[in-house]
Structure formats: C-alpha cells, structure tokens
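Just below is one structure, and these are the notes that go with it.
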Amino acid sequence: MTMGYQHELSNALLKVQHPCPGQLKTWNGSASDSRFAVYRNNVISSLINALADNFPVTLQLVGDEFFRAMASVFVREFPPQSPVLACYGASFARFMEVFPPAQGLPYLADVARLEFARIQAYHSADVATLGPEHLAQALADPAALEQMRLTLHPSLAVLNSPHAIVSLWAAHQGHVDIARVNPNTPEHGLILRNRMEVEVLQISTAAALFLGALMDSHPLAEAAEYAIACEPEFDLTPLLAHLIQTGAITRYSLSNSAA
Amino acid sequence: MTSSILPHATGVPDHGPTLPKQVGLGLKTQHIQQILNEKTDIGFFEVHAENYMVAGGPFHHYLTQIRQRYALSIHGVGLSIGSEQAIDENHLNRLAELLDRYQPQAFSEHLAWSSHDENFYNDLLPIPYDQATLARVCEHIDRIQERLQRRMLLETPSTYVEFCQSSMSETDFISTVIKRTGCGLLLDVNNVYVSCVNHHWDAQQYIDELPLEAVGEIHLAGFAEDHDSLGERLLIDAHGTPIDNAVWTLYGDVLARTGALPTLIERDNDIPSLAVLLAEAQQAQGLLAQHSLVPEHA
Chain A
1 MTMGYQHELS NALLKVQHPC PGQLKTWNGS ASDSRFAVYR NNVISSLINA LADNFPVTLQ
61 LVGDEFFRAM ASVFVREFPP QSPVLACYGA SFARFMEVFP PAQGLPYLAD VARLEFARIQ
121 AYHSADVATL GPEHLAQALA DPAALEQMRL TLHPSLAVLN SPHAIVSLWA AHQGHVDIAR
181 VNPNTPEHGL ILRNRMEVEV LQISTAAALF LGALMDSHPL AEAAEYAIAC EPEFDLTPLL
241 AHLIQTGAIT RYSLSNSAA
Chain B
260 MTSSILPHAT GVPDHGPTLP KQVGLGLKTQ HIQQILNEKT DIGFFEVHAE NYMVAGGPFH
320 HYLTQIRQRY ALSIHGVGLS IGSEQAIDEN HLNRLAELLD RYQPQAFSEH LAWSSHDENF
380 YNDLLPIPYD QATLARVCEH IDRIQERLQR RMLLETPSTY VEFCQSSMSE TDFISTVIKR
440 TGCGLLLDVN NVYVSCVNHH WDAQQYIDEL PLEAVGEIHL AGFAEDHDSL GERLLIDAHG
500 TPIDNAVWTL YGDVLARTGA LPTLIERDND IPSLAVLLAE AQQAQGLLAQ HSLVPEHA
C-alpha cells in the first residue's frame with residue numbers, strides 16, 4: 001500500500017529541516033537526500049521565480065537577494081493552492097506588512113498591491129465597452145443623468161495608499177526620476193487595461209472616491225456628489241472623458257433598465 | 260475501480276486530430292509578435308495549458324491569432340495524474356473549456372504528481388511503479404479522457420530518485436497504462452536520456468520496451484548537468500540549454516524505428532531569440548526528412 005508517501009514528500013519539499021523521505025533509493029547507493037534536493041530546489045526556486053515575475057518593481061525596490069529571501073519564506077508558508085500561477089501572490093503584500101525584515105520599507109506592501117492589481121487587470125475578462133456615441137445620447141438628458149449607473153471594466157481597480165505607490169512604480173518604468181519621489185506622499189492609483197495594455201494612472205482623492213462609489217453601484221450623480229464634497233473644484237468631465245476613451249465603461253443603466 | 264482493459268472502451272472517441280509530422284516550437288510570449296509579423300514557417304506551436312487559464316487579455320488575444328495560422332498542442336503541467344488524491348475536477352473543467360476554445364490537435368500531460376492536499380508544488384514529482392499506483396493512474400487517465408472526450412498523450416518522465424516499493428520497470432508501467440486506458444504516448448527523448456543516465460538504465464532498451472506505435476508526439480530539450488554524492492552524473496531536466504548531442508542521436512534512433520513524428524523543441528528557461536530556436540528546429544526537420552520515407556507503425 002503506497003497511500004501517504006506524497007504527504008511525507010510534500011512536507012520534505014517545503015520544510016528545510018524535514019528529513020528526506022526514507023522510501024527513496026538510488027542505483028549506486030549515493031545519498032538519496034542529495035538527489036531529492038533537486039526536487040526541493042525546483043519547487044522553491046520555481047515558485048520564487050513565479051513571484052519575481054509577478055512583482056518586478058517590488059524586487060527592484062529591495063534588491064534580488066532580499067526579495068528571494070523574503071519570497072522563500074512566503075513560498076514555504078503559503079505555497080500556491082492552484083496550478084494557475086498568474087494568480088499566485090494574492091497575499092504576498094499582506095505578508096510583507098508583517099515580515100519583520102521589511103518593516104523599514106512601509107510603502108513596499110502597497111507597491112506590491114499595485115503590481116498584483118496590474119497582473120489581475122492584464123488577465124481580466126474581455127468585455128465589450130461603450131463608445132462615446134453610446135453615452136453621448138444618455139449624457140445629454142440631465143433628467144436621466146440623475147439615475148444613471150455605470151458598470152466599469154473588470155480590469156479596473158483603484159488603490160488608495162498613504163505612500164507614493166504610483167510614482168514609485170513609474171520611477172521603475174523610467175517615467176519619473178526616483179530622486180524626486182517622496183515615498184511618504186499619499187497617492188491614489190487607477191489601474192485599467194485599455195485594449196492590450198495595462199495603464200497605471202495617478203488620480204486625485206476625489207476621483208478615487210468617485211470611482212469607488214461607482215464600483216459600489218452608486219448612481220453617477222451620487223458618486224459625483226461624494227467627489228465634490230471631498231474636493232469642491234472636482235471636475236467630472238475630463239475623468240469621464242478619459243474613462244470613455246480608455247474603454248473603462250462597459251454598460252450603463254437608467255433607473256432599472258440596462259442599456 | 261473503473262479502468263478499462265481495452266483501448267477506447269471508456270467511450271473516448273478515436274484518436275481524433277493529430278499534429279503534423281513536422282517540428283514545432285514552444286510558444287514564448289516574447290516571440291509572438293515576430294512570429295505573426297514574419298509568418299514563421301513551423302509545423303505547430305505548443306503552450307502550457309495553465310498559462311492560458313485566465314479570463315481574458317493579451318494571452319488569449321495572441322493565442323487566438325496563432326491558432327488561426329498554426330496547428331496547436333496544449334500541454335498540461337498541473338493535472339497531477341500521479342496524485343494519491345482524486346483528479347481536481349475544477350482544474351479538469353478549466354482544461355475542458357480551454358480545449359473547447361482552441362481545438363488543439365494534441366493534448367498531453369505528465370506521469371507525475373504536482374499537487375497534494377491544497378498545495379500545488381509547480382514541479383513534476385516522481386511516483387512509485389507498483390500495482391496500487393498503476394490502478395490509480397489508469398483511473399485518473401480514464402476520468403480525464405472521459406471528461407475531455409479525447410485521447411490524451413502521456414509524457415515519459417524525467418526523475419532523480421527511485422522508490423524502494425517499485426515492483427515493475429518504468430517502461431512496464433507506462434506500457435500497461437497505455438494498454439489499459441488507450442491513451443497515447445508523448446515520448447520525451449530528453450527525459451528518457453536524463454532518467455537513463457540518472458538510474459543507470461539502458462536508453463536503447465528503454466525505447467525498445469515502449470509501445471512506439473502509440474507515440475503521438477516527441478519532445479526534445481536540453482538538460483543541465485550535476486553530480487550525485489558519489490560523483491556520478493546527475494542530469495537535470497532544465498529546458499534552459501540547447502539539445503545535447505546524445506539526445507539528438509537517441510532521437511535519430513527513435514525515428515529510424517517509427518518514421519517521422521510530430522517533434523517539439525522545448526525551451527522554458529534562458530529563452531534565446533526565435534532565430535536560435537528555429538535553427539534547432541531546422542536540425543530536427545532535417546532528421547524528420549531523412550526518416551519520412553521509413554514505413555510507419557499503425
């Protein structure tokens with residue numbers, strides 16, 4: 001009966017101190033633990049590489065050695081639960097928040113959140129978007145506008161951080177001079193896939209409130225009120241134009257009827 | 260136990276579509292634009308199923324374009340056929356959806372396990388060759404072929420250790436699985452070479468013992484080299500280097516027996532330019548041409 005050997009091997013794969021399983025053999029009597037180490041190494045290093053692929057800016061912020069050491073602790077504690085590794089690392093940011101050696105970089109976890117949101121946006125569903133011609137008509141009727149609700153593209157995410165996550169991310173794309181970034185400036189990021197490209201845009205607190213309200217299914221007019229309450233000079237028009245232009249709006253409904 | 264004794268007895272349709280007997284390449288995202296622009300002349304492309312189990316976006320956008328122009332092989336790395344636990348039906352559903360969407364000419368998976376309990380280990384882990392494992396692997400392949408309504412190809416493994424409890428040879432095990440389930444064989448010539456060096460088996464004899472008429476695809480790749488604690492060669496199935504001369508020779512020996520077969524060049528690490536991979540493909544295509552006139556099995 002062989003039931004159970006995979007349990008023992010699994011433990012030995014993830015735990016550094018766990019002894020090599022006893023039921024293994026080699027043709028020449030060489031140490032089976034040094035051969036089993038090939039599997040150990042494959043498992044840990046391939047999963048670290050998967051995280052490095054998903055979090056390239058986080059890696060650059062801490063350096064390769066630190067990142068790999070941190071990732072190897074995470075991988076052993078939280079191995080993936082699915083063979084679809086594009087989703088691996090959903091809890092990596094939360095792990096960084098409490099990982100003692102990372103405490104000197106309070107912005108690290110939120111940068112990782114931005115990177116994970118980008119991956120999610122990249123692979124999110126393809127949904128037909130509404131063009132300006134569809135919305136122009138509806139937007140022209142002020143009475144209808146009151147009750148209008150917008151459905152946003154599934155790739156769209158808003159991140160609110162006490163740190164300069166968008167600027168830090170942009171600096172590592174060569175868009176911003178890192179020396180000019182104060183990491184302790186609060187920033188809001190809009191992540192959105194426009195056709196095949198994922199865009200990361202810094203938005204105002206009011207715009208973040210507005211989008212958050214839309215995502216919570218509040219009517220357009222109500223969402224705009226929240227934004228204006230936060231920032232009296234908030235101008236909805238350029239934001240709405242940008243959303244339409246980048247295909248961020250997939251549906252609208254007037255009261256209960258969907259278009 | 261539902262393993263069928265006769266091939267196709269589980270209601271799996273006949274062999275169905277097959278890959279062209281040409282050379283194919285693993286599809287790498289960094290090469291796709293060039294392939295589409297230059298209309299690369301190649302027999303087929305192969306992708307890892309799990310990379311495409313995402314809702315939408317560029318991966319599907321580009322694979323759709325590739326599929327419109329080329330034959331496709333979908334190669335799974337996450338079904339964990341050798342698992343002690345049942346096949347993950349959610350994963351099988353995702354796979355069925357993917358195969359339905361892209362209608363590939365081949366679907367293949369590994370003789371290995373990669374998941375246990377809730378965890379996925381992202382490696383192809385070894386199994387003992389005994390009756391209990393044989394029964395379980397056949398049961399899993401029966402379920403997969405029934406759910407996918409197609410014949411799958413089972414890939415020969417590369418391994419670094421053996422199990423004390425094994426009661427039959429790897430080739431006996433594989434031959435029996437093929438006989439019982441009616442699945443086909445993905446003969447990874449690099450894996451054969453790696454395992455034969457690592458376990459001191461005779462590669463020619465290994466090939467002789469396999470049911471070569473069941474081969475639906477060949478894989479070629481490069482290995483890395485290490486040593487065990489006694490200083491003997493230990494080869495690692497790393498897919499990060501060109502194909503070794505010993506593997507080319509063994510590939511030629513196989514083709515002399517089988518005639519031309521769909522052949523994939525695999526490179527998953529340290530990926531070079533498309534031109535470098537196409538040069539390896541050219542070398543394999545030359546060997547296929549030499550053997551295309553040899554009478555074929557089946």
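Chains as they are written, first to last, in our numbering: chain A, 1 to 259; chain B, 260 to 557. Note that CB positions come from ideal geometry on N, CA and C, so glycine has one too. Fair warning: this is a prediction, and the values are worked out from it, not measured in the lab.
C-beta neighbour in chain A for B/Q408, strict 8 angstroms: As a first step, residue 408 of chain B must be located in the second sequence, where it is residue number 149. Answer no: the Cβ-Cβ gap between B/Q408 and chain A never drops below 8 angstroms.
Interface partners of A/W27 on chain B, CB under 9 angstroms: Counting from 1 along the first sequence, the entry for residue 27 of chain A is found at position 27. Within 9 angstroms Cβ-Cβ: E421, N457, H458, H459, W460, E491.
Distance, A/A207 Cα to A/L267 Cα: Residue 267 of chain A is absent from the model: chain A starts at 1 and stops at 259.
Min CB distance A/T2 to chain B below 8 angstroms: Indexing the first sequence from 1 puts residue 2 of chain A at position 2. With a pLDDT of 44 at A/T2, under the threshold of 50, the modelled position of this residue cannot be trusted; read the value that follows with caution. True, the Cβ-Cβ gap to chain B drops below 8 angstroms.
Close Cβ partners of B/H399 (< 7 angstroms) along its chain, the five nearest in sequence each way excluded: By 1-based counting over the second sequence, the position of residue 399 of chain B is 140. Taken in chain order, the residues that qualify are I340, I346.
Alpha carbon of A/S204 to alpha carbon of A/F234, nearest angstrom: Translated into positions along the first sequence, residue 204 of chain A becomes position 204. Translated into positions along the first sequence, residue 234 of chain A becomes position 234. Those two C-alpha atoms are separated by around 9 angstroms.
CA-to-CA distance, A/G63 to A/N182, given in whole angstroms: Counted from its first residue, the first sequence places residue 182 of chain A at position 182. Counted from its first residue, the first sequence places residue 63 of chain A at position 63. Cα to Cα, the separation comes out at about 19 angstroms.
8 angstroms Cβ cutoff, A/M215 in contact with chain B: Taking the first residue of the first sequence as position 1, residue 215 of chain A is located at position 215. No, because no Cβ of chain B sits closer than 8 angstroms to the Cβ of A/M215.
Span of the alpha helix (DSSP H), counted from its first residue to its last, around B/L226: Nothing can be reported for residue 226 of chain B, as the shown portion of chain B is limited to 260 through 557.
Span of the beta strand (DSSP E), counted from its first residue to its last, around B/L213: The requested residue 213 of chain B is not part of the displayed model; chain B covers only 260 to 557.
Which residues DSSP lists as bridging B/Q549, in chain order: In the second sequence, residue 549 of chain B corresponds to position 290, counting from 1. Paired residues: none, contrary to the question.
C-beta neighbour in chain A for B/S434, strict 8 angstroms: By one-based count along the second sequence, residue 434 of chain B stands at place 175. Chain A places no beta carbon closer than 8 angstroms to that of B/S434, leaving this residue out of the contacts.
Exposure label - B/M411; buried when at least 16 CB within 10 Å: On the second sequence, residue 411 of chain B is found 152 positions in, with the first residue counted as 1. With 16 or more Cβ atoms within 10 Å of its Cβ, B/M411 is classed as buried.
contact_flag[the segment 304-312 of chain B, the segment 70-85 of chain A] where n(CB pairs < 8 angstroms) is 3 or more: yes
A/P21 versus B/D529: straight-line alpha-carbon distance, rounded: Here the question's residue 21 of chain A lines up with position 21 in the first sequence. Here the question's residue 529 of chain B lines up with position 270 in the second sequence. Approximately 32 angstroms between the Cα atoms of the pair.
Three or more C-beta pairs below 8 angstroms linking the segment 166-186 of chain A and the segment 139-152 of chain A: no
N- and C-terminal bounds of the alpha helix (DSSP H) containing A/L239: As a position in the first sequence, residue 239 of chain A is number 239, starting the count at 1. Looking at the DSSP string, the run of the alpha helix (DSSP H) that includes A/L239 is 236-245.
9 angstroms Cβ cut-off: residues of chain B touching A/M70: The residue you call residue 70 of chain A lines up with position 70 of the first sequence. What A/M70 touches in chain B: nothing, since even the nearest Cβ is about 18 angstroms away.
Any C-beta of chain C under 8 angstroms from that of A/N54: Protein chains in the displayed structure are A and B, and chain C is not among them.
Meets three-Cβ-pair contact criterion under 8 angstroms: the segment 321-335 of chain B and the segment 68-82 of chain A: no
Spatial distance of A/L9 from B/L295 (CA atoms): On the first sequence, residue 9 of chain A is found 9 positions in, with the first residue counted as 1. On the second sequence, residue 295 of chain B is found 36 positions in, with the first residue counted as 1. Approximately 44 angstroms between the Cα atoms of the pair.
Cβ-based neighbour list, A/S32, same chain, cut-off 7 angstroms, excluding 5 preceding and 5 following: As a working note, residue 32 of chain A is residue 32 in the first sequence. Correct list, in chain order: C20, L24, K25, T26.
Those residues which DSSP pairs with B/H334 across a bridge: To locate residue 334 of chain B, count along the second sequence from 1; it is residue 75. Per DSSP, B/H307, B/S367.
Neighbour flag for A/H134 against chain B, beta carbons, 8 angstroms: Numbered from 1 along the first sequence, position 134 holds the residue referred to as residue 134 of chain A. With 8 angstroms as the cut-off, A/H134 does not count as an interface residue toward chain B.
Sequence-distant residues of the same chain with beta carbon closer than 7 angstroms to A/T2, five excluded per side: Numbered from its first residue, the first sequence carries residue 2 of chain A at position 2. Since pLDDT at A/T2 reaches only 44, below the 50 mark, its modelled position is unreliable, and no value is offered.
contact_flag[the segment 414-423 of chain B, the segment 111-123 of chain A] where n(CB pairs < 8 angstroms) is 3 or more: Here the segment 414-423 of chain B makes no contact with the segment 111-123 of chain A; the two share fewer than three CB pairs at distances below 8 angstroms.
The segment 515-522 of chain B touching the segment 539-554 of chain B, judged by at least three CB pairs closer than 8 angstroms: By the C-beta criterion, the segment 515-522 of chain B is judged to be in contact with the segment 539-554 of chain B, since at least 3 inter-stretch pairs fall below 8 angstroms.
Same chain only: Cβ atoms within 7 angstroms of B/E421, ignoring 5 sequence neighbours per side: Numbered from 1 along the second sequence, position 162 holds the residue referred to as residue 421 of chain B. Correct list, in chain order: H458.
Residues bridged to B/D485 (per DSSP): Reading the second sequence from its first residue, position 226 is the one you call residue 485 of chain B. Looking at the DSSP assignment, B/D485 forms a beta bridge with B/L493.
B/F482 vs A/Q81 beta-carbon contact at 8 angstroms: The residue labelled residue 482 of chain B in the question sits at position 223 within the second sequence. The residue labelled residue 81 of chain A in the question sits at position 81 within the first sequence. Contact: no.
Straight-line Cα distance separating B/A314 from A/S124: The residue given as residue 124 of chain A occupies position 124 in the first sequence. The residue given as residue 314 of chain B occupies position 55 in the second sequence. Roughly 5 angstroms separates the two Cα atoms.
Residue from A/P162, A/F36, A/L135, A/V166 with nearest C-alpha to A/T151: Mapped onto the first sequence, residue 151 of chain A falls at position 151. The shortest Cα separation from A/T151 among A/P162, A/F36, A/L135, A/V166 belongs to A/L135.
CA nearest to the CA of A/S30, picked from B/G490, B/A538, B/Q404, B/I524: Counting from 1 along the first sequence, the entry for residue 30 of chain A is found at position 30. Among B/G490, B/A538, B/Q404, B/I524, the Cα nearest to that of A/S30 belongs to B/G490.
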